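If you're matching positions, the sequence shown starts at 30 in the working numbering and goes up one per residue.
Heads up, the beta-carbon is just placed ideally off N, CA and C, and yes, glycines get one too.
Predicted model only: the values in this text are computed from it and were never measured.
In what follows, a structure is listed as structure tokens, so that the remarks can point back to it.
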Amino acid sequence: MRLKQSVASGRCEAGTSDLGLQQMSMASIDAEPAFTGADPDFLHLAGRLHGTLADAAQASPIDCRALDATSWPVLQTCHDCHQKYD
Numbered sequence: 030m031r032l033k034q035s036v037a038s039g040r041c042e043a044g045t046s047d048l049g050l051q052q053m054s055m056a057s058i059d060a061e062p063a064f065t066g067a068d069p070d071f072l073h074l075a076g077r078l079h080g081t082l083a084d085a086a087q088a089s090p091i092d093c094r095a096l097d098a099t100s101w102p103v104l105q106t107c108h109d110c111h112q113k114y115d
């Protein structure tokens, strides 16, 4: 995932991080409608991902430490879904 790569490489410029988080947040809006009729727990997790990404984008992390803290809930939400549905 790009967030982990940015932190690991020490490349966490605020503008780049903001743009990436905003793009992921916007893309996540389509997850629930794309899977209409799917398992309700999956739809809940998709909604949780969108909320987590929206929160991360709004946090606007300014450095790698802030991006790491901001991205952890996003990564955890991804993990929770993939743990159940992979």
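Check each candidate in the options and name the one with the smallest Cα separation from residue i.
i	options	result
GLU61	MET55, MET53, GLN52, LEU72	LEU72
GLN112	LEU96, ALA95, LEU74	LEU74
LEU50	GLN87, TYR114, GLY66	GLN87
Look at residue i and residue j and say whether their C-beta atoms are less than 8 angstroms apart.
i	j	result
LEU81	PRO90	Sequence check: residue 81 is Thr here, not Leu. Their beta carbons are not under 8 angstroms apart, which means THR81 does not touch PRO90 by this criterion.
LEU78	LYS33	no
If you draw a straight line from the alpha carbon of residue i to that of residue j, how long is it in whole angstroms?
i	j	result
THR106	ASP84	13 angstroms
ALA43	MET55	18 angstroms
ARG31	ALA63	23 angstroms
CYS93	TYR114	30 angstroms
GLN52	LEU96	15 angstroms
ASP109	ASP70	11 angstroms
ARG40	SER46	9 angstroms
Check your understanding: Along the chain, which unbroken stretches of the alpha helix (DSSP H) at least 4 residues long are found entirely within the segment 37 to 84?
Key -> Fully contained in the segment 37 to 84 are the following alpha helix (DSSP H) runs of length 4 or more, in chain order: 43 to 57, 60 to 63.
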